[in-house]
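Engineer: Can you read through this structure? Questions will come right after.
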Amino acid sequence: MIRNALIGLMLFILGSAFLTLTMGFEPATELNRTAAYYATHAQEEVGAQNVVTAVLITWRGLDTLGEVTVLFLTAAIVSLVLSRSKAPKGASGSGFLPSGELLTTGTKMLLPLIALLGAYVMANGHLTPGGGFQGGAILASGALLMLLADPSRRFGHKIIHRVESASGLAFVGLGLLGMLFAGGFLDNKLLPLGQFGALFSAGIIPIVSVLIGLKVGAEFASILESLEETEDA
Amino acid sequence: MTLLMLATLLCGAGMIGAALVALLTRQTATAVLAAGLLSLFASVLFVLLAAPDVAMTEAAIGSGLTTFLFFYVLGRIRREDKK
Amino acid sequence: MVSSILILAIGLGTAFGLGLLNRRRAVLALGLTLGALGLMAAMAVGWLIVLAQGAAPVEIYTAGAEPPFAINLRMGLMEAGAITLITLTGLLAVLALRTALTRMGRGSMAVVLVLIMALSGLVMTRDVFNLFVFLELMAISTGGLALLSKDIRAIAAGFKYLIISQLVTILLLVGIIFTYHATGSLNIDDIPETAMGFSGLGLALFLILIAVVLELKPFPANGWALDVYTAAHPGFSAVFSAASGTAMLVVADKLVKAAGPDWFAMFTLLGLISFIGANIVALRQDNDRRLLGYSSVGQLGLLLAVIGQQDVLGEGYLYVAGGLVLSHAVAKAGLFWMSIMVKARGLSDWAAIRVRPPLVIAFATFLAMLTGLPPFPGFYAKWELAQVLATTDRLPILAAILIGTLIEAVYLFRWFGMAMKRETDTPLGPKQIDCMVVLITLAAAFGLGALWGDLSENGNLFATVPMLAALFFLALEPMPAKLKNGLAIMALVYWFAAHAGVYDPMRLIFLLVMILGGAVILLASFNEDGRRVGFYPPAMLMYAGLALLLEAQSTFEFFAAWEVMTLGSYFLILRGKQSEPHALSYMIFSLGGAFVLLSGFALAADGVTPFPLSALSLVPEQVAPWVFALLAVGFMTKTASVGVHIWLPGAHAEAETDVSPMVSGILLKAGLYGLVVLLLAMGRQSLHGVDLVNVLAWIGAISAFVGAVLAVFQEDAKRLLAYSSISQMGYALFGLALMNHLGWLLAVMFVINHYVYKSMLFLAVGGVYKRTHTKLMYKMGGLITLMPFTFVSVLVGIIAMSGVPPLSGFGGRWIFYNAILETDLRLPLVLIFMSGPVGFLYLFRLIHTIFLGQLKDENHQIKEAPIWLLVPQMIFVAFLIGFAIVPGLVLQRVDRFLGTVFGDQPLIWHGRAVESAFGNWNPVAIMVVIVVIFVTLFGILIAKNHDAVKVKQFNIVFSAERPYRPETTHFAWNFFAPYRRAMGFMEMPLVTRFWGGVSEALSGTAEFTRKLYSGNGQTYAVQVILFVVTVYLIALGGVA
Amino acid sequence: MAQVSLLIGFTLILLGLYGALTNRDILRMIVSFTIADAGVNVVLVSVGYMAHRTAPILDSAVPAGQAAARIIDPVPQVLVLTAIVIGLGVTALMLAYAYRLFRLRGSLDISQFMDLKW
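Protein chains in written order, with the working numbering: chain A, 1 to 233; chain B, 234 to 316; chain C, 317 to 1356; chain D, 1357 to 1474.
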């Protein structure tokens, strides 16, 4: 009890610091110079309608690469954490029982649709809200559905790992190409910007988006795979 | 404007409520659900704050994948606990 | 140079690419990992070379836009150095981890690559949010790599680590977004200098900085990190400590540089608390890896404090911080990698490494490096740091740093002692590659030492002949001992011959005693067979220190030589069978004394580099007494003056037979030399009206008396001699403190005489010990017929020492009485007078108890001492007699020299006789008189000999009593019991109890404090938040 | 508006931290951290919010020429996107650890894992 009171007191002090921040906060009325630069240069330099995507993939591309790496890392480590005990082939390790006919059939029908949606969200990241991460998450939910429908079925390890590696490598490779042929690592102008607003425009953004999406989807699938394949204690 | 404000406040109340539920409930499963709900409220809030990209991501990842992961692990732990 | 972003791209690309390999090709994957790391390291080294040659730092833009609109990286000298360190550590770590990595598969290798990549990114990036991303990568991969260990507790440790990194994330993100809001940019270079404030930008920066500090594992909010150190695979712990620590330090540095000098104080304070706190807690630690963890935490704290001191360090900042970082990183990584081969976790289990001498060298090197001893970078850095802190009146900070270092030295050298002296059941698990990794690290340690010396404005220790000679003996280790001994003697004689002509008479005396005297004592070492591994390198290191000490012109050279000597002699003393605790206390007192010296020198120099020793006379009046006091205390620690003497008896008595005379006869003189230099330069000083020189005289007198009294009650012959050294050094100190011509002449006499008879007696007693296997005098007796030569040398020795005619001791006394008649220090004078007869009491026992009386049954078969022990003794005997007859040969020159110092000439030399204001001394006449008396008496005794009755050894009647302890029946046991009753109170171990209390208090604090680390991850999280809140409140109070 | 959502965000952070520091169940601690993470995300987005402006997308409603005057700051949103993904990663990792820890001791109580101390 004393402990909880102490924690409460500590958080109260921390809260007072946060309160100071809130009280002293004055919302900006004009875009600051960074944001203004992005707003005015998004079209001519990057050619993306969605400024968020433009910033995410081009100007802060290194962050995004890092973020993809976080997922990669997580997938790798989750598999390390759980690797000590693999389930024998065919046995389900999942917490869900094999599902009924309905879910299995439904999944078969839904899966292409989900994949399509994912692809759409990925590829249009530079135009509308969405992009690699969201598309990747949608793909991952497809994988999830597959798992739910047929827990005993194994994902294709190889495919997952190939996609995981290849998309990551391609991301890094694109970045390096940017250094060789354009203004720097991950420079968007590696490819022509194309017509503003078109699907195939905005330099390498659509490609990077797709790569990110594939990578995110693959990483998540790999996490699921690791969880799935762990044998029961 | 006031409508926006009202919606924000409602969302906020929903989030804090969900958070309290998550903290106070005895059931871990309820807590996980409440956290997922909180994420959903958050994505609504993000829409209100003119951040559609964030809203999409939060909905897909925060309330979707994360919640699922929780349940997955929780399910396994429960089953093994019973053994 | 190629763009440094390739370093990141290669790491990341390889990590991603490993997934394309077949799962079973683990070896290939390992090869690829190594290749990638090697490539990264090669690039980093390339950059380092280019930038070190003066190239301007390079900015790397990403996304083809300028900062702050896109993320940019910077490669400057500091960055290149840090990345070189990080990548090389990574490379070696992968080698060290190879088994674990192949077991866990390519995924684990990818994680290592990402970690190294992320650390390099942390170092280079100039964008705060990018920093956050790399930080997360670091945290996650650290949490994951904790699993490489087979220790299942590592899982819990990894989880605890993740909990804390969540907290850090929250603080950091809030801080980043408000910083962005205030500055309109995420670029570090756009952060304006901000006063420490608690609203808006100030508060945001506080959150960022405190998050970074948390990643440096500050004491006491660091239980999670220690758990990682304890349970993780040591191959990885090395990365965690050396590479991650370095990266976070660079991050802390660039952020605080941007935030401005207002935040430096916070860093300094938190750093110092961490440094001292962690080191205190480590005192009670008995798990090697956790101990290294505490030490890492401490070192990172020290560096945090140094980052906080960059405002005064100015241009030297990189040199100081770099030296300390490299010392920490290289040594710590090396130790962690060594711990892979040590299979059990207790500190004494490191005894296993003794089977591999190179590993022992590595262990010693790493410890010396961590403690900031020469010739490693930390030494130069600490010197620089002390100079600056003293110049800018930041003495409390200097004191805190030195105290922390001393505490660290306590547990590190205790550990070394355990490893050298104890036994373990668990054998070493040596693998070629593990050894290689350690040896590469060792080579790096020496390389860096040479580099830092080269960069130093004070000269490179590696460029001095004695140091090189000492290192050369390291290479000679596989040779037979006799060969090495011959070479060592030749080296010493050569050095003596080369310098004898150049030195002034005062230094010449010391050169004579230390170097030529050293060669004479080394003759005794011919007695040893085999290879005698581990003797010559430390011995030569000690002699190198002594030689350099006499060579020293500047305070730096003096101090460096002092430390070299200390280090060498420590290893030498540790060789004794029972010397583990004694060598430790020797080391601690020596280091403590050295740190006092360091402070004194730093205070004196006031920023002048290099500061000549002769300029000590020019130190401004207001600081001069303080400088004097500090230096005097430092030197008196070496001469074991009363109060700081408790290390001496054990250290001298437990050392090996030929080491005791070295550390007693020679090493103590280093302290006297220091005092001579000090007094010559600074003369009399007074502090608050107290004449400091008189204080010295008092301390000298008390040491002379107390040392003698304590010697009286010893049963152990070597201890007796050791205590007598305290007394003898007291005399010399008193003589110097008289500050007149004769007093100094007396001191010089003591320098020579003490060397001769103490070396001789130690060798003699050592010879007896070799034959009887005991040092307890009451177990001997009657050895006169069996060991006649030894008897002669002891007889001559005690005659010389007790100051009775005809030998040189009498000359000393004669000068001495002349000297004190000239001063008005009446009270200490009485003490000095009294210690004369007391001295006779114990000296008499040496002859009486060892050589006279009944021979013990078990000793009937023993022979004379080995010839090589006798050779130097006989040389000494000859010298003593010669010196007694013609003291003028040496003394006259010194006397003339002192005349130039004091401007008087109280002694008049007539051929062999000397005349003073109070009388005259004709050594030849005395000798003749004494010999005549002796021969007469001896004749009478022989004539009367038939009256003596022989008694059998066991012709004793016990009156129906069985003695409880048999030795108590020996007449020599507790010989001076009556005196003990009268003077026993002098024996009361006041000083010992004081130091015991200090150590108890520290260890109690440690025991109490470490209970904080409950092992509960949640408690750790609470501690972290509490830490943040406390710092916040304190800082708030500081601002308000 | 921004201040209100800031307050909401901070409240969530504090609630999350309280939960993480007081709940002994490892899974509940992780849930609490996700709440705190959500709070951080809300704070980040709120800081970028500007009244009377639209989302940073340059479609027909917001021509590129007027963008600087019409859209809100995209940077915090970008940061949040990254933060969310990283949060997912960390959560997944912690869950995997939690599962491993559970298998080690058959318990999720964090005070069961105190082998390492002092």
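Backbone N, C-alpha and C define an ideal beta-carbon position, used for all residues, glycine too.
1. For residue 137 (chain A), would you say it is in contact with chain C, using Cβ-to-Cβ distances shorter than 8 Å as the test?
2. Report yes if the CB atom of residue 640 (chain C) is closer than 8 Å to the CB atom of residue 618 (chain C), and no otherwise.
3. Since residue 145 (chain A) contacts residue 176 (chain A) with CB under 8 Å, what's their CB separation in whole angstroms?
4. Given the structure, does residue 1197 (chain C) come close to the ligand ATP, in the sense that its CB is under 7 Å from one of the ligand's heavy atoms?
5. I'd like to know whether the C-beta atoms of residue 163 (chain A) and residue 218 (chain A) end up nearer to each other than 8 Å.
6. If we ignore side chains and look at the alpha-carbon of each, how far apart do residue 836 (chain C) and residue 813 (chain C) end up?
7. Compare the beta carbon distance of residue 917 (chain C) and residue 875 (chain C) with 8 Å and say whether it is the shorter of the two.
8. Is there at least one Cβ from chain B nearer than 8 Å to residue 1385 (chain D)'s Cβ?
9. Does residue 1229 (chain C) come out as helix, strand or coil in the three-state DSSP assignment?
10. Which residue marks the beginning of the alpha helix (DSSP H) containing residue 38 (chain A), and which one marks its end?
11. Quick one: which residues of the region 1431-1450 of chain D get their C-beta closer than 9 Å to a C-beta of chain B? List them in chain order.
12. Alpha carbon to alpha carbon, how far is residue 864 (chain C) from residue 629 (chain C)? Give it in angstroms, no decimals.
13. According to DSSP, simplified to helix, strand and coil, what is residue 288 (chain C)?
14. Provide the residue(s) that pair with residue 1427 (chain D) in DSSP beta bridges, ordered along the chain.
15. Pick from C:1349, C:1326, C:1341 and C:1355: whose alpha carbon is nearest that of residue 595 (chain C)?
16. How far does the alpha helix (DSSP H) with residue 264 (chain C) in it reach, from first residue to last?
17. Going along chain D in order, which residues have a C-beta closer than 7 Å to the C-beta of residue 282 (chain B)?
18. With contact counted as at least three CB pairs below 8 Å, one residue from each stretch, are the region 322-330 of chain C and the region 1384-1402 of chain D in contact?
19. Should residue 402 (chain C) and residue 391 (chain C) be called a contact, given that it needs their Cβ atoms to be closer than 8 Å?
20. Which of helix, strand or coil does DSSP assign to residue 550 (chain C)?
21. Can you list the residues of chain D that residue 255 (chain B) reaches, using a CB-CB cut of under 8 Å?
22. Can you round the beta-carbon distance between residue 157 (chain A) and residue 205 (chain A) to whole angstroms, since I take them to be within the 8 Å contact cut?
23. Check distances from the C-beta atoms of the region 1452-1470 of chain D to those of chain C and list, in chain order, the residues that come in under 7 Å.
24. If you measure beta-carbon to beta-carbon, which residues of the region 49-62 of chain A are closer than 7 Å to chain D?
25. Check whether the Cβ atoms of residue 1203 (chain C) and residue 1124 (chain C) lie closer than 8 Å to each other.
26. Measuring only the C-alpha atoms, how far is residue 1069 (chain C) from residue 1193 (chain C)?
27. For residue 77 (chain A), go through chain D and note every residue whose CB falls closer than 8 Å to its CB, in chain order.
28. Examine the Cβ distances between the region 1359-1377 of chain D and the region 1388-1397 of chain D and report whether three or more of them are shorter than 8 Å.
29. So, with DSSP's three-state summary, where would you put residue 377 (chain C)?
30. Give the single residue among C:1196, C:479, C:355 and C:982 whose Cα lies nearest to the Cα of residue 429 (chain C).
31. Please state the DSSP three-state secondary structure of residue 178 (chain A).
32. If you run the structure through DSSP and keep just helix, strand and coil, what is residue 1010 (chain C)?
33. Using the C-alpha atoms, what's the distance from residue 1390 (chain D) back to residue 244 (chain B)?
34. For the beta strand (DSSP E) holding residue 1236 (chain C), just list the boundary residues, first then last.
35. When you check each C-beta in the region 294-309 of chain B against every C-beta of chain A, which residues fall closer than 9 Å?
36. Please name the residue, chosen from C:1186, C:420 and C:914, that lies closest to residue 1104 (chain C) on a Cα-to-Cα basis.
Structural biologist: Let me spell this out:
1. no
2. yes
3. Residue 145 (chain A) to residue 176 (chain A), Cβ: 36 Å. No contact.
4. Absence of the ligand ATP from the depicted structure is noted, as is the absence of any ligand whatsoever, leaving it without description.
5. yes
6. 14 Å
7. yes
8. no
9. strand
10. 33-41
11. 1432, 1433, 1434, 1436, 1437, 1440, 1441, 1443, 1444, 1447 and 1448
12. 28 Å
13. For residue 288 (chain C) there is no data in the structure shown, the boundaries of chain C being 317 and 1356.
14. D:1410
15. C:1326
16. Residue 264 (chain C) falls outside the range modelled here, since chain C spans only 317 to 1356, and no answer is possible.
17. 1361, 1401, 1402 and 1405
18. no
19. no
20. helix
21. 1375, 1387, 1388 and 1391
22. Rounded, the Cβ-Cβ distance is 31 Å, inconsistent with contact.
23. 1453, 1456, 1457, 1460, 1466, 1467, 1469 and 1470
24. 49, 50, 51, 52, 55, 56 and 60
25. yes
26. 11 Å
27. 1449 and 1452
28. yes
29. strand
30. C:355
31. helix
32. helix
33. 17 Å
34. 1235-1237
35. 294, 297, 298, 301, 302, 304, 305, 306, 307, 308 and 309
36. C:1186
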